[in-house]
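Asks: Under our numbering, read the sequence shown as residues 1 to 93, first letter to last.
For every residue, glycine included, the Cβ atom is placed at its ideal position computed from N, Cα and C.
Only a predicted model underlies this, so the values are computations on that prediction, with no experimental measurement involved.
Structure provided below as C-alpha cells; questions to follow.
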Amino acid sequence: MDSVIIQKEDKILRRISKEVAISDIKKPKIKKIIQKMKEALNAEEDGVAIAAPQIGENLRIFVISKKIFEIMDEEKIQNKTPKIEKENILKDK
C-alpha cells in the first residue's frame, strides 16, 4: 500500500475533522484507515506520530509510534541534559 503523508501546505490539514466514536474503532473501514496510518508512520525513519488528516482522512484519529516510548541509553541522556552550575542553583533560593 502506497502511503504518502500530506504536507502542511495542504488545505485538508486546516479542516475540522469528524469525531470517531469508540464503538466505530473496530469497524473495517476505520481499521483500514488505522493500518494505512501505521504504514505511513513506519515508512518515516524519524516519525513518532500521525493524524488521519495527514493521509487524507478527515477524522479525529491519531497513531503514536512505540519509538517515542523507547528509553534512551545513559550516554544519550547525559549528552542532552543541560549542565547546571551549582552557583546558579544557589542564586534561585
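#1: Within its chain, find whatever has a CB closer than 8 Å to the CB of I12; leave out the 5 residues flanking it on each side and keep chain order.
#2: Check I6 in the structure and name its three-state DSSP category.
#3: To the nearest angstrom, how far is the alpha carbon of K26 from that of E9?
#4: Measure the alpha-carbon distance for A22 versus K32 and round it to whole angstroms.
#5: Is F62 near A49, with beta carbons less than 8 Å apart?
#6: Apply the 10 Å Cβ neighbour rule to K36 and answer buried if 16 or more other Cβ atoms are within range, or exposed otherwise.
Replies: Working from what's here:
#1: I6, P53, G56 and N58
#2: coil
#3: 31 Å
#4: For clarity, residue 22 is Ile in the given sequence; the question names Ala instead. The straight-line gap from Cα to Cα measures roughly 15 Å.
#5: yes
#6: buried
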